[in-house]
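> Chains as they are written, first to last, in the numbering used here: chain E, 7 to 365; chain W, 7 to 365. Glycine included, every Cβ here is placed at the ideal spot set by N, Cα and C. Bear in mind the structure is a predicted one, so any value in this text is a computation, not a measurement.
Protein chains: 2
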Amino acid sequence: MTVTLADVAHRAQVSPATVSRVLNGNYPVAEATRARVLRAVADLDYVVNGPASALAAATSDLVGILVNDIADPFFGIMAGAAQSRISGPDGTARTGGEKLAVVCNTGGSPERELTYLTLLQRQRAAAVILTGGAIEDTEHSAAVAAKLAKLAAAGTRIILCGRPALTEGGVLPGSSTVTATLSFDNRTGARRLTEHLLTLGHTRIGYVAGPVERTTTRHRLEGHRDALREAGLVYDPALTLHGPYDRASGHAALAQLLVAEPDLTAVVAANDTIALGVCAAARERGLRIPEDLSVAGFDDLPSATDTVPALTTVRLPLYEAGARAGLLATTANPPAGPGYVETVPAELVVRGSTGRASK
Amino acid sequence: MTVTLADVAHRAQVSPATVSRVLNGNYPVAEATRARVLRAVADLDYVVNGPASALAAATSDLVGILVNDIADPFFGIMAGAAQSRISGPDGTARTGGEKLAVVCNTGGSPERELTYLTLLQRQRAAAVILTGGAIEDTEHSAAVAAKLAKLAAAGTRIILCGRPALTEGGVLPGSSTVTATLSFDNRTGARRLTEHLLTLGHTRIGYVAGPVERTTTRHRLEGHRDALREAGLVYDPALTLHGPYDRASGHAALAQLLVAEPDLTAVVAANDTIALGVCAAARERGLRIPEDLSVAGFDDLPSATDTVPALTTVRLPLYEAGARAGLLATTANPPAGPGYVETVPAELVVRGSTGRASK
DNA sequence: CTGTTAGCGCATTCAG
DNA sequence: CTGAATGCGCTAACAG
């Protein structure tokens, strides 16, 4: 029914082993036989049986990319970049060492994160790329760490992209479980952003943070507070609100912030999507941006220029980082061994949504 | 090193066959032994070897979801919905018939679409869900059709979500290759939208279409033209511009449209993202929406309410459709056999971005 | 450079 | 209800 390696071997008049060798290209084969085999493959329209080869080789060509929210471009951009890096820039490779890069959506749920990790473990995945902030819950961190350790032990490469090195959680295991870490410099980026606002004369600044217990949320908030402290300002907890990384959160937050501080002149959002919500709410109230209120975001997503004026934000090279993660996940000789950490810079981008403080 | 089924069997004092049976739960096993096995599984922290079981069973638990652009929420929403439907609402199931739903980003490239299909075929995927519009190129359609036929022949379920039934391409194969089709009613939705504008007195309406040779692009444009024709208006090709489904395309299009027709009073965009670009361009030119220019989109993405005023658009139940596709891909008894088609309705949503024609 | 020989770990017959 | 035997399709030593 379905054509197998043996069929190809038969038709090409060679042994199955030889066919396997030309297909995997990791062994010397005479050009003549190689051509013959390739022809047989084409004639029979043969497609390797993944499970069988994975079983025999004890490793598969699956690479899993875990994201917190697939509907959010922040993750979409990184995942897309990683995927195109892994599957080849334009789906070129034929039967070769082609990897299957797939993205798994955890929806921010700890359980699903673990479930996917188990599923990937079951598939004997070649690599796993974890993107975005991690949940800061001791129990869950420990569970994830344990799972990753097992994955690593089974030969799966672990790449962290935009997630702090595991050791930082305090809980965690020999760094030997992680192949490489791309750490976003959220803290410095956030600090620069708030410094920018302080330079413009703002002193009453609202902050719309992400969900609590997320590393990204915490680091960005810390950067904000660092800037405030250095400027000698006291941090007012009432001016920081937590919520999901979405537009609605920003929209709702502005009203609350104005109640807490009628003299508010600026709002920093934990990401661009939230900032867009803040902008919309400001417009609805007749507040001009930036004359009456300065608004800033984070990430520099394409939509940061969707609003008028365009958003001042902190640019994170998401595409580049994703591509790099894809490379680290599949390259033959990873640039560095276990425990390797690269810091991805965050750059302040000043646009029209921030201006001098009005009061 | 890695624990196998045999290890579990040994510890539970049963045969490997029995362990297999309790794990797959599709065979009667005494409650006592079942419990014993489960305990052994837990004690040993056993994880099924996917490739091995896929090889033996001749089918895997992999479900592939193909999307054109993972950074676009249009796809993200559908993919996320399908994925959560497949992997269980909250990653509950343990060792059971858990499927691994993964999304593959083709980036709109025909080659990559085919590559992913091959990779999925290689993995003996349980199902494949193709989302979004298809590319209308005879050669490519034929290649995809052939590939899908092979997948289907190998037992993989094929679900089309937001993509017209294959037969419509004209090229294509016995409907028996496709398990089910969820067809978006783009045509009717587009017609309703343009009718809405006509009712408001608009007669010079610009249309910013998607890329040429895409079913979605064509259907939406046809709906637009249908409405024009029924109203007795002549269709002016100069008022239709093609471009990618992104913001920049809409932004650039407005300028061109105004050159082609200075008396333009309305612009219909092929999707919300393009519409947002049109809105931004309008604001930059000092055109008030909707007083000077009415703008409408399509899809009703969350960002449709990001602009002020909010976008009049056509709502597509993306989440519901994605979830439905996920269900059809995994449910034991698909609601209907091969060639089954469900039409997903498109509903007009009138908001503030459209108003009476000014001239 | 190429053929032979063994399994990889699990799902199934088929007996009992 | 449970155990024993067989093979899924391929890769990886080993020889030649």
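So is E:E104 in contact with chain W if we call contact Cβ pairs under 8 Å?
Counted from its first residue, the first sequence places residue 104 of chain E at position 98. Taking Cβ atoms only, chain W reaches closer than 8 Å to E:E104, which makes this a yes.
> Using the beta-carbon of each residue, which ones in chain W are nearer than 7 Å to E:P308?
Counting from 1 along the first sequence, the entry for residue 308 of chain E is found at position 302. Chain W residues near E:P308: R253.
> Would you mind stating whether E:V314 and W:A286 have Cβ atoms separated by less than 8 Å?
By 1-based counting over the first sequence, the position of residue 314 of chain E is 308. By 1-based counting over the second sequence, the position of residue 286 of chain W is 280. The answer is yes: Cβ separation under 8 Å.
> DSSP has W:N277 in a bridge; who is on the other side?
Along the second sequence, read from residue 1 onward, the residue named residue 277 of chain W stands at position 271. BP columns for W:N277 are empty, so no partner.
> Going by DSSP in three states, E:Y325 sits in which element: helix, strand or coil?
To locate residue 325 of chain E, count along the first sequence from 1; it is residue 319. Helix, per DSSP.
> Among all the DSSP beta bridges, which residues are the ones paired with E:L188?
Taking the first sequence and counting its residues from 1, the one referred to as residue 188 of chain E is at position 182. Answer is E:C167 and E:E348, bridged to E:L188.
> Do W:L263 and W:A233 have their C-beta atoms within less than 8 Å of each other?
What you label residue 263 of chain W is simply residue 257 of the second sequence in a count that begins at 1. What you label residue 233 of chain W is simply residue 227 of the second sequence in a count that begins at 1. No, these two residues do not count as a Cβ contact at 8 Å.
> Pull up the CB-CB distance for W:G283 and W:G303, whole angstroms please, since I reckon it's below 8 Å.
Taking the first residue of the second sequence as position 1, residue 283 of chain W is located at position 277. Taking the first residue of the second sequence as position 1, residue 303 of chain W is located at position 297. The Cβ separation is near 10 Å, so there is no contact.
> In the DSSP assignment, find the alpha helix (DSSP H) that holds E:L37 and state where it starts and stops.
Working through the first sequence from its first residue, we reach residue 37 of chain E at position 31. Here residue 37 of chain E is Glu; the residue named in the question, Leu, does not match the sequence. Counting along the chain, the alpha helix (DSSP H) containing E:E37 begins and ends at E37 to L50.
> Quick one, are the C-beta atoms of E:L260 and E:T246 less than 8 Å apart?
Position 254 of the first sequence holds residue 260 of chain E. Position 240 of the first sequence holds residue 246 of chain E. In this structure, E:T246 does not lie closer than 8 Å to E:L260 by Cβ.
> Buried or exposed for E:E119, going by 16 or more other Cβ atoms inside 10 Å?
The sequence position of residue 119 of chain E within the first sequence is 113, counting from 1. When all chains shown are included, E:E119 counts as buried.
> Leaving aside the five residues before and after E:A140 along the sequence, list all residues of the same chain whose C-beta is less than 6 Å from its C-beta, in chain order.
For the purposes of this step, residue 140 of chain E is taken as residue 134 along the first sequence, with counting starting at 1. Excluding sequence neighbours, E:A140 sits near R169 and T221.
> Does W:T187 get closer than 8 Å to chain E when you measure Cβ to Cβ?
As a first step, residue 187 of chain W is located in the second sequence; it is residue number 181 there, counting from the start. By this cut-off, W:T187 is not an interface position.
> Can you confirm whether W:S66, when its beta carbon is compared against all beta carbons of chain E, has any partner nearer than 8 Å?
Here residue 66 of chain W refers to the residue found at position 60 of the second sequence. Yes, W:S66 counts as interfacial toward chain E.
> Roughly how many whole angstroms lie between the Cα atoms of E:L239 and W:G56?
Residue numbering aside, residue 239 of chain E sits at position 233 when the first sequence is read from its first letter. Residue numbering aside, residue 56 of chain W sits at position 50 when the second sequence is read from its first letter. Rounded to the nearest angstrom, the two C-alpha atoms are 57 Å apart.
> Does the segment 317-331 of chain E come into contact with the segment 189-200 of chain E, if we say contact requires no fewer than three beta-carbon pairs (one atom in each stretch) closer than 8 Å?
Output reads yes: the segment 189-200 of chain E touches the segment 317-331 of chain E.
> With a threshold of 8 Å between beta carbons, is E:Q370 in contact with chain W?
What the structure shows of chain E is the stretch from 7 to 365, and residue 370 of chain E is not part of that stretch, so it cannot be assessed.
> Could you list which residues in chain E have their beta carbon closer than 7 Å to that of W:V53, in chain order?
For the purposes of this step, residue 53 of chain W is taken as the residue at position 47 of the second sequence. Near W:V53 (Cβ distances below 7 Å), the residues of chain E are T124, Q127 and R128.
> So, at 8 Å on beta carbons, what are the nonlocal neighbours of E:Q19 in its own chain, with the 5 sequence-adjacent residues on each side left out?
Position 13 of the first sequence, counted from the start, is the residue given in the question as residue 19 of chain E. If we look at E:Q19 and ignore the five residues flanking it on each side, its Cβ neighbours are R42.
> Could one say the Cβ of W:C110 lies closer than 8 Å to chain E's Cβ atoms, at least one of them?
Indexing the second sequence from 1 puts residue 110 of chain W at position 104. Chain E, which has a Cβ nearer than 8 Å to the Cβ of W:C110, makes this yes.
> Are W:L1 and E:A58 touching if we call contact CB-CB under 8 Å?
For chain W, the structure presents residues 7 to 365; residue 1 of chain W sits outside this window and is missing.
> With a cut-off of 8 Å on the beta carbons, I'd call E:R131 and E:T336 a contact; round off their distance for me.
For the purposes of this step, residue 131 of chain E is taken as residue 125 along the first sequence, with counting starting at 1. For the purposes of this step, residue 336 of chain E is taken as residue 330 along the first sequence, with counting starting at 1. It should be noted that the sequence gives Ala, not Arg, for residue 131 of chain E. About 12 Å separates the two Cβ atoms, so there is no contact after all.
> Apply the 10 Å Cβ neighbour rule to E:T121 and answer buried if 16 or more other Cβ atoms are within range, or exposed otherwise.
Here residue 121 of chain E corresponds to residue number 115 of the first sequence, with the count starting at 1. Looking at its Cβ environment, which holds 16 or more other Cβ atoms inside 10 Å, E:T121 is buried.
> Give the DSSP bridge partners of W:I71, in chain order.
On the second sequence, position 65 is the one that residue 71 of chain W refers to. Partner(s): W:V109 and W:I135.
> Does E:G399 have its Cβ less than 8 Å from a Cβ in chain W?
Because chain E is modelled from 7 through 365, residue 399 of chain E falls outside the range shown and cannot be assessed.
> Determine the closest residue to E:V214 out of E:A266, E:R163, E:L166 and E:L206, with distance taken between C-alpha atoms.
The residue given as residue 214 of chain E occupies position 208 in the first sequence. Answer by Cα proximity: E:A266.
> Report yes if the C-beta distance between W:G328 and W:G86 is below 8 Å; otherwise report no.
As a working note, residue 328 of chain W is residue 322 in the second sequence. As a working note, residue 86 of chain W is residue 80 in the second sequence. Cβ distance < 8 Å, so W:G328 and W:G86 count as in contact.
> When DSSP labels each residue in this structure, what does W:D269 get in the three-state scheme?
Against the second sequence, residue 269 of chain W aligns to sequence position 263. The answer is coil: DSSP assigns W:D269 none of H, G, I, E or B.
> Which residues in chain W sit within 7 Å of E:D312, going by Cβ to Cβ distance?
Reading the first sequence from its first residue, position 306 is the one you call residue 312 of chain E. In chain order: R253, L282, A286 and D312.
> Does the beta carbon of E:R289 sit closer than 8 Å to a beta carbon anywhere in chain W?
Walking along the first sequence from the start, residue 289 of chain E turns up at place 283. Taking Cβ atoms only, chain W reaches closer than 8 Å to E:R289, which makes this a yes.
> Figure out for me which residue from W:N339, W:R330, W:L317 and W:A338 has the closest Cα to the Cα of W:E348.
Here residue 348 of chain W corresponds to residue number 342 of the second sequence, with the count starting at 1. Nearest option by C-alpha distance: W:R330.
> So for E:L354, helix, strand or coil by DSSP?
The sequence position of residue 354 of chain E within the first sequence is 348, counting from 1. Three-state DSSP puts E:L354 in a strand.
> At a CB-CB cut-off below 8 Å, which residues of chain W make contact with E:A160?
If you number the first sequence from 1, residue 160 of chain E lands on position 154. Chain W residues near E:A160: T8.
> Spell out whether any CB of chain E is found under 8 Å from the CB atom of W:P57.
Along the second sequence, read from residue 1 onward, the residue named residue 57 of chain W stands at position 51. With 8 Å as the cut-off, W:P57 counts as an interface residue toward chain E.
> Looking only at DSSP bridge pairs, what is W:D305 linked to?
Numbered from its first residue, the second sequence carries residue 305 of chain W at position 299. W:R321.
> Please report the distance separating the alpha-carbon of E:L199 from that of W:V73.
Mapped onto the first sequence, residue 199 of chain E falls at position 193. Mapped onto the second sequence, residue 73 of chain W falls at position 67. So the alpha carbons of these two residues sit roughly 35 Å apart.
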